[in-house]
Each structure stands twice: as C-alpha cells, then as structure tokens.
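Single-structure report; data block below.
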C-alpha cells in the first residue's frame, strides 16, 4: 500500500475478511508500523511485526487465565503503546475488548470511578 492510498483512499490490493488478517498481512512490511507520541513528546516506533508478536504474547496470557472466544475483557490501560497490543490481542483471539478510560483516582467520592463500576456491572 502506498502513502497515497492511506491518505486518499484508493483500491485495496488485498481482500481481508477479518481484522486478524489485516494485522497478519501488515507484518510483511517490516518498515511499517505505528509511531506513538509519549507524554514527554518523545516518539516510540512499533513495527507491525512487533505489534503482532506482542499481541500474541498478551493473547497467550489471556488464554492462560481462561479467557476464551467471545468473552469480554476490560482494557483499562493508560499508555497507547500498551493499549494497542492488548486491543489487537483481543481481535486475534475473538475476544470482545471493552476499553475504559483510566480514572484520575479511585476514591469513592470520584464520580469517574463510580461510573466505571456501573459500566462493569452492566457488562454482565
């Protein structure tokens, strides 16, 4: 895929059926990936190959904890470079990701944390 097709659309060369197939295909392009901007304004590049490998490691951990196809998993992860591999682990395993923002604090008085509790209860 060229930068123009990413920027402007265009015809896709491959016919993917799943998000897993998209990531697996992307791993063939070693110099392509995601550049994360950290809080201190430094950049961190993760190739799609590394993303795929990290996602497989996370998926293995989820499966060892008994998480299976169709299960819901709460992803409450502050750093994008940690969140994206976990999200892709869910996609690869057929697990339903439920992303939640990280509350500034978890004091009982914090309305954000009580909202998270209500969201978790509603998942059942």
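Numbering (the numbering used here), first residue to last: 1 to 124. C-beta: ideal position from N, C-alpha, C; glycine also.
Please list, in chain order, all residues of the same chain as residue i whose beta carbon is under 8 angstroms from its beta carbon, the five residues on each side excluded.
{"i": "residue 22", "result": "16"}
{"i": "residue 78", "result": "102"}
Is the CB-CB distance between residue i and residue j below 8 angstroms?
{"i": "residue 90", "j": "residue 73", "result": "yes"}
{"i": "residue 69", "j": "residue 92", "result": "no"}
{"i": "residue 75", "j": "residue 62", "result": "no"}
{"i": "residue 46", "j": "residue 66", "result": "no"}
Could you give the C-beta distance for residue i and residue j, rounded to a whole number, given that I count them as a contact under 8 angstroms?
{"i": "residue 125", "j": "residue 96", "result": "Any property of residue 125 remains undetermined from this structure, which presents the chain solely from 1 to 124."}
{"i": "residue 30", "j": "residue 53", "result": "Residue 30 to residue 53, Cβ: 12 angstroms. No contact."}
So, at 6 angstroms on beta carbons, what are the nonlocal neighbours of residue i in its own chain, with the 5 sequence-adjacent residues on each side left out?
{"i": "residue 36", "result": "44, 80 and 81"}
{"i": "residue 196", "result": "A query on residue 196 cannot be resolved here, the shown segment of the chain reaching from 1 to 124 and no further."}
{"i": "residue 99", "result": "75"}
{"i": "residue 42", "result": "none"}
{"i": "residue 55", "result": "85, 88, 89 and 92"}
If I measure Cβ to Cβ from residue i and keep anything under 7 angstroms in the same chain, skipping five residues before and after, which residues do I get?
{"i": "residue 19", "result": "91"}
{"i": "residue 38", "result": "44"}
{"i": "residue 27", "result": "48, 49 and 52"}
Which ranges does the alpha helix (DSSP H) cover as unbroken runs of at least 4 residues, wholly within the region 43 to 118, from first to last along the chain?
Counting only unbroken stretches of 4 or more residues, the alpha helix (DSSP H) elements lying wholly within the region 43 to 118 are 48 to 64 and 80 to 93, in sequence order.
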